[in-house]
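Below you'll find the structure, written out as structure tokens, and then a few comments.
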Amino acid sequence: MQSMNAQCSSITSEQLEAQRWKPRDLPGHIGQIGPMWTRKEPDGWAYGLLCDAKHLNPARVMHGGVTASLLDHAISAVAWEACGRLPCLTVQLDTHFLAPVAEGQFAEVRVKVNNRSRSLMFLYGEMTVNGTLAATAQAVMKVMAAPVSHSV
Numbered sequence: 020m021q022s023m024n025a026q027c028s029s030i031t032s033e034q035l036e037a038q039r040w041k042p043r044d045l046p047g048h049i050g051q052i053g054p055m056w057t058r059k060e061p062d063g064w065a066y067g068l069l070c071d072a073k074h075l076n077p078a079r080v081m082h083g084g085v086t087a088s089l090l091d092h093a094i095s096a097v098a099w100e101a102c103g104r105l106p107c108l109t110v111q112l113d114t115h116f117l118a119p120v121a122e123g124q125f126a127e128v129r130v131k132v133n134n135r136s137r138s139l140m141f142l143y144g145e146m147t148v149n150g151t152l153a154a155t156a157q158a159v160m161k162v163m164a165a166p167v168s169h170s171v
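So in my numbering, the last one in the sequence shown is 171, and the numbering has no gaps at all.
The structure is reproduced here in structure tokens:
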């Protein structure tokens with residue numbers, strides 16, 4: 020039986036840059052996972068992550084927590100842009116894992132806003148690898164009127 024790595028195609032940072040993807044070193048949790056890759060597309064932004072050894076679970080595929088973090092970050096970024104760059108907090112994130120992501124594969128996320136009220140946004144995200152749907156997420160985001168206080 021072939022291993023999953025033999026069945027999948029890997030991509031390099033140089034190949035991603037040639038496809039107009041830009042690496043972003045971001046602060047906080049997502050920075051520890053990253054670099055996050057971004058690309059401006061005609062209908063919005065795409066977000067991505069190149070799966071490497073630090074992203075793998077014991078089964079040697081992308082950990083579900085990494086998948087959820089990538090989807091949450093992309094959804095949050097789209098919500099932030101759609102609401103005029105006000106802070107947004109994740110109220111709910113329903114994630115469905117559909118296919119494994121192997122080391123060396125590039126996971127891409129695209130997001131759309133389904134609906135919104137004055138203070139809530141409802142979004143849908145899809146994560147694909149080589150055109151194959153690997154995960155989806157539905158999210159409810161709370162739009163904050165001002166920056167979030169960091170006091171305890």
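Just so you know, even glycine gets a beta-carbon here, dropped at the ideal spot from N, CA and C. Values in this document were obtained by computation on a predicted structure and should not be read as measured data.
Proximity of residue i and residue j at Cβ, strictly below 8 Å
| i | j | result |
| --- | --- | --- |
| K161 | L139 | yes |
| L89 | V128 | yes |
| L108 | M163 | yes |
| M123 | C70 | One detail in the question is off: residue 123 reads as Gly in this sequence, not Met. Going by C-beta atoms, G123 is nearer than 8 Å to C70. |
| A153 | A126 | yes |
| M55 | R39 | no |
| F116 | G84 | no |
| L68 | G47 | no |
Cα-Cα separation, residue i to residue j
| i | j | result |
| --- | --- | --- |
| E145 | Q51 | 22 Å |
| V97 | R79 | 30 Å |
| P119 | T155 | 13 Å |
| M20 | L35 | Low per-residue confidence applies at M20: pLDDT is 26, beneath 50, and the placement is therefore not dependable enough to give any value. |
| S29 | T147 | 14 Å |
| S136 | K41 | 32 Å |
| W99 | K73 | 28 Å |
| E60 | V110 | 27 Å |
| V132 | A158 | 10 Å |
| S184 | S32 | No answer is possible for residue 184: the residues shown for the chain start at 20 and end at 171. |
| G63 | R104 | 15 Å |
| A25 | N134 | The pLDDT assigned to A25 is 38, lower than 50, so where the model puts this residue is not dependable; a value taken from the coordinates is nonetheless given after this. Each residue's Cα considered, the two are about 41 Å apart. |
Coil, strand or helix - residue i by DSSP
| i | result |
| --- | --- |
| N24 | Residue placement at N24 is flagged as unreliable, the pLDDT there being 38, under the threshold of 50; the coordinate-derived value follows with that caveat. Three-state DSSP puts N24 in a helix. |
| G63 | strand |
| G53 | coil |
| G83 | helix |
| A93 | helix |
| G47 | helix |
| L69 | strand |
Heavy atom of the ligand HEM within 7 Å of residue i beta-carbon
| i | result |
| --- | --- |
| L90 | Within the structure as shown, the ligand HEM is missing, as the structure has no ligands at all. |
Presumed contact (8 Å Cβ cut-off) between residue i and residue j, rounded CB distance
| i | j | result |
| --- | --- | --- |
| T114 | A87 | 5 Å |
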